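Asks: My numbering applies: residue 228 is where the sequence shown begins, and numbers increase by one. Beta carbons: idealized from backbone N, C-alpha and C, even for Gly. For clarity, every value in this text was computed on a predicted model and none was experimentally measured.
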Amino acid sequence: MNTNFYKTILIILLSIGMLFMYYKVSNLEYRYETLKEANVRLKTNYPLNEAQIKERQFKEEMYIRQQERDTTLILFVFSFGSAIAGFFTFRSVKEQFVNQINEIKKEYNDYKTDIENKHIEISHKYKKLEKDLNFESLATLMNEVRLVKDETVEISLRLTLTQKLIKFLKDSVDEDKAYQESIVDLIDSQVELIVFPFINKLIPVEEMILDDDRLLYNKRCSAIMNYLNSNSKDELYRKFLLSMSKIKIKEV
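1) Pairing CB atoms from the stretch 389 to 403 with CB atoms from the stretch 356 to 376, are three or more of them under 8 Å?
2) Is the beta carbon of R447 sitting closer than 8 Å to the one on Q390?
3) Give me, in chain order, the residues of the same chain whose beta-carbon lies closer than 6 Å to that of D438; leave out the 5 immediate sequence neighbours on both sides.
4) Find out if the Cβ-Cβ distance for the pair M435, I382 is shorter than 8 Å.
5) Going along the chain, which residues of its own chain have a beta-carbon closer than 6 Å to the beta-carbon of L463, five neighbours each way excluded?
6) Over the uninterrupted beta strand (DSSP E) stretch that includes K475, give me the two end residues.
7) Specify the secondary structure class of I451 as computed by DSSP and reduced to three states.
8) Three-state secondary structure (DSSP) at D328?
9) Whose C-alpha, out of L368, S459, K355, is nearest the C-alpha of V400?
10) Does DSSP put S382 in a helix, in a strand, or in coil?
11) What residue range is occupied by the uninterrupted beta strand (DSSP E) comprising I436?
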């Protein structure tokens, strides 16, 4: 606000100065023209001698020089004033332009932050929904395993269940420690049930043929072995390897 006030005062003063100089030049030009007319009339009516003619010529030249100086001054003042006014105008426009850019940047950053927050919120909701669906899937699969009577089908389902439990544990890193430990206990118990038929001291199974997809079977076994190895469950890891050595995949 102060900058605009000073700028307005400066422009008003420059305008008044230029009007005043214009008036001076106009008045000087009018006097010069009057003098010329008087000189012509004087020469016509009253012939002048040489000295009078030189005096009048000197005065005329002085008027002309004065007019040139005043014209030069006016042009300089006008140019200088225009330059100052242009400078302040450019400065004002530049400030407005910069303010507009900053405002647009702020709106963009606010919009970007809002989108990122909504994305995070949606991502959290999606993860929670996915976790709930996985939990329901695990509960359904556990109930299904309990009802199975065929040992080969049971082993196949337990391998699938154990792999899903391991993934569910990785997705539950934000849960409390007690909750994670309950999942770990559930994984270990499933591995124990998988290896039990093969290490049973009374009637150990020497060979079992599963009607599974080989790639899926290998993927499940690999996930379980990585989990046991990374969590230093050496004894359970050894039993699992021994049991898997007795399992064959049915050739298609």
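Replies: Result, derived from the coordinates:
1) Taking one beta carbon from each stretch, the stretch 389 to 403 and the stretch 356 to 376 have 3 or more pairs nearer than 8 Å; the two touch.
2) Cβ atoms of R447 and Q390: closer than 8 Å.
3) Non-local C-beta neighbours of D438 in its own chain, meaning closer than 6 Å and more than five positions away in sequence, comprise K477, ordered along the chain.
4) For M435 and I382, yes; Cβs fall inside 8 Å.
5) If we look at L463 and ignore the five residues flanking it on each side, its Cβ neighbours are V418, L455.
6) That run of the beta strand (DSSP E) goes 474 to 476.
7) I451 falls in the helix class under three-state DSSP.
8) Note on residue identity: the sequence assigns Ile, not Asp, to residue 328. In this structure, I328 counts as helix in the three-state DSSP scheme.
9) The option with the nearest alpha carbon to V400 is K355.
10) Per the sequence shown, residue 382 should be read as Ile rather than Ser. In this structure, I382 counts as helix in the three-state DSSP scheme.
11) Segment 435 to 437, the beta strand (DSSP E) holding I436.
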